[in-house]
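Peer 1:
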Amino acid sequence: MQDEQIDIVSKTGEATGKSVAKSIIHQKGYYHNTAHIWFYTPKGEILLAQRAASKVICPLLWDVSVAGHVDAGETIEQAAIREIQEEIGLSISKKGLQKIGVFKCFQTYENGIIDNEFHHTFLAGLNVNISALKFQKEEVEGLKLVHITEFNELLKHSKSNNHFVASNKAYYTKIIAEILKRIP
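So in my numbering, spot 165 of the sequence shown is number 562, and the numbers just go up one at a time.
(1) Quick check on the DSSP output: what are the complete alpha helix (DSSP H) runs of length 4 or more inside the stretch 519-560, in order along the chain?
(2) Leaving out the 5 sequence neighbours to the left and right, which residues in its chain are closer than 7 angstroms to Met398 when beta-carbon positions are compared?
(3) Taking DSSP as the reference, what is the three-state secondary structure of Ala464?
(4) Indicate whether Ala450 and Leu444 have their beta-carbon atoms separated by less than 8 angstroms.
(5) Just the Cα atoms here: how many angstroms apart are Ile510 and Thr570?
(6) Taking the straight line between their C-alpha atoms, what separation do you get for Ser564 and Ala529?
(7) Please state the DSSP three-state secondary structure of Met398.
(8) Rounded to a whole number of angstroms, what is the C-alpha to C-alpha distance between Ser557 and Ile527?
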């Protein structure tokens, strides 16, 4: 896979007008944008994606439905729509995305990756059966729907159950609260 170009942003998320290869972004720890999309059903189920075994950060852990870097020159919404199509084979329009905020995620990993990301986070209703989704094997190992009750239970034990990215617990909690506002 080609090393895509990513726009560098400032520590406060402002455009700098510079871009570099994704590998350099993580090597140097430059601040950059990502798009996160959380799909949910009216029954209170959340679509989780299992990170591919080949991922260098948190392989095989369950995480956001769809996520990816915003390519150089791309808008956040364009990146979200592109990533949804690439990772789970679903076409969605901009009006199907509900932006709920931007979350800072600044972490350094044991393998030397410095990940300073601004997660531009969206919610979207999942209006198809999960069996209709076609996941990208380089990014996604599997998909599943988890009811919010089960999600909370798994999250409660995330430091010991090796299910979620444990360092993202506060972020996941905010996502659940936002989804709960949108279901009957």
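The beta carbon of each residue, even a glycine, is placed where N, CA and C say it ideally should be.
Peer 2: The answer reads as follows:
(1) Residue ranges of uninterrupted alpha helix (DSSP H) with 4 or more members, entirely inside the stretch 519-560 and ordered along the chain, are 545-553 and 555-558.
(2) The count along the sequence shown starts at 1 and reaches residue 398 at position 1. Because Met398 carries a pLDDT of 49, less than 50, the predicted location of this residue cannot be relied on, and the following value inherits that uncertainty. Excluding positions up to five away in sequence, the list reads Glu535.
(3) As a first step, residue 464 must be located in the sequence shown, where it is residue number 67. If DSSP states are grouped into helix, strand and coil, Ala464 belongs with the strands.
(4) Counting from one through the sequence shown, the residue named residue 450 turns up at place 53. Counting from one through the sequence shown, the residue named residue 444 turns up at place 47. Not closer than 8 angstroms, so no.
(5) As a working mapping, residue 510 is identified with position 113 in the sequence shown. As a working mapping, residue 570 is identified with position 173 in the sequence shown. Whole-angstrom Cα-Cα distance: 25 angstroms.
(6) For the purposes of this step, residue 564 is identified with residue 167 of the sequence shown, where counting begins at 1. For the purposes of this step, residue 529 is identified with residue 132 of the sequence shown, where counting begins at 1. Those two C-alpha atoms are separated by around 31 angstroms.
(7) Within the sequence shown, residue 398 is the residue found at index 1, counting from 1. For Met398, the pLDDT reaches just 49, beneath the cut-off of 50, and the residue's location in the model is therefore unreliable, although a value from the coordinates is still provided. Met398 carries a coil assignment under DSSP once its states are collapsed to helix, strand and coil.
(8) Here residue 557 refers to the residue found at position 160 of the sequence shown. Here residue 527 refers to the residue found at position 130 of the sequence shown. Rounded to whole angstroms, Ser557 to Ile527 spans 28 angstroms at the Cα level.
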